[in-house]
Amino acid sequence: MRQGMLLAATLGAFGLAAACSSPDVQQGNGGNGGNGGHGGSGGQGGGGPAMSLLAEGLVSNDCAPNDGPWLVFNLGTASTCGQAAGLEPQLHFAIYPGNTSMLAAGQSWTFHAAMPTNEVQAWWYANGVGGNSEAPKSASVEVLSVGNDTAQVKYAFVTPNGASHAGQMDVSICTSIPMCG
Numbered sequence: 001m002r003q004g005m006l007l008a009a010t011l012g013a014f015g016l017a018a019a020c021s022s023p024d025v026q027q028g029n030g031g032n033g034g035n036g037g038h039g040g041s042g043g044q045g046g047g048g049p050a051m052s053l054l055a056e057g058l059v060s061n062d063c064a065p066n067d068g069p070w071l072v073f074n075l076g077t078a079s080t081c082g083q084a085a086g087l088e089p090q091l092h093f094a095i096y097p098g099n100t101s102m103l104a105a106g107q108s109w110t111f112h113a114a115m116p117t118n119e120v121q122a123w124w125y126a127n128g129v130g131g132n133s134e135a136p137k138s139a140s141v142e143v144l145s146v147g148n149d150t151a152q153v154k155y156a157f158v159t160p161n162g163a164s165h166a167g168q169m170d171v172s173i174c175t176s177i178p179m180c181g
């Protein structure tokens, strides 16, 4: 009887230890492949939740390097139309050709540093516009809704060092049109 109790106690302790000793590393999920294709990479470490930027920004008209019309999203900055972007971390995302008058719910764009194009470009300013910029590994912006003065957008991007950022925000629509060319 004593041996049976000892065996049961040993097996119970072994079962408890086995249940508690599974690896702490968990497989991350593959992310959201939705409209615009910004699926996450998953992998070791569970990925953790993506960080988000300051939930403010703007979208404006600008001049592309070829002097054509460029639609530019400045995401994560408290700046307003006519005011320069600040020192907070921010993503700038530019679409050519583009114009704020063409914004519509459902539009989405994707940038991949490994396959850059002239139509979509992105810059990550980890220290605000006063610091250096670098191209994110990938980035996407999707327009969720458009009002008279604001648009709601969803964004996701991965910095060059692999940090994921994602969120959604209302951005001010700056309708002034610069003289390009």
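Going by the UniProt record's numbering, the residue at position 95 of the sequence shown is 95; the numbering climbs one at a time, nothing skipped.
No residue lacks a Cβ here, since even glycine has one placed at the ideal position from N, Cα and C.
Check                                                                                                                                                                                                  : Outcome
Taking only runs that begin and end inside the region 102-172, name each unbroken beta strand (DSSP E) of 3 or more residues, in chain order.                                                          : 108-112, 120-125, 138-146 and 150-158
Thinking C-alpha only, which one of 54, 52, 70 and 66 is nearest residue 60?                                                                                                                           : 70
Using 8 Å as the cut-off, can you tell me whether the region 119-127 makes contact with the region 85-102, which would need three or more C-beta pairs spanning the two stretches below that distance? : yes
Just to confirm before moving on: does the CB-CB distance between residue 171 and residue 58 stay below 8 Å?                                                                                           : yes
Can you tell which of 160, 103 and 179 has its C-alpha closest to the C-alpha of residue 149?                                                                                                          : 103
Rounded to whole angstroms, what's the CA-CA distance from residue 56 to residue 175? Just pull it up for me.                                                                                          : 17 Å
Is the distance from the Cβ of residue 74 to the Cβ of residue 85 below 8 Å?                                                                                                                           : yes
Could you please give me the residues that DSSP links to residue 57 through a beta bridge?                                                                                                             : 75
Distance, Cα to Cα, residue 162 vs residue 155?                                                                                                                                                        : 16 Å
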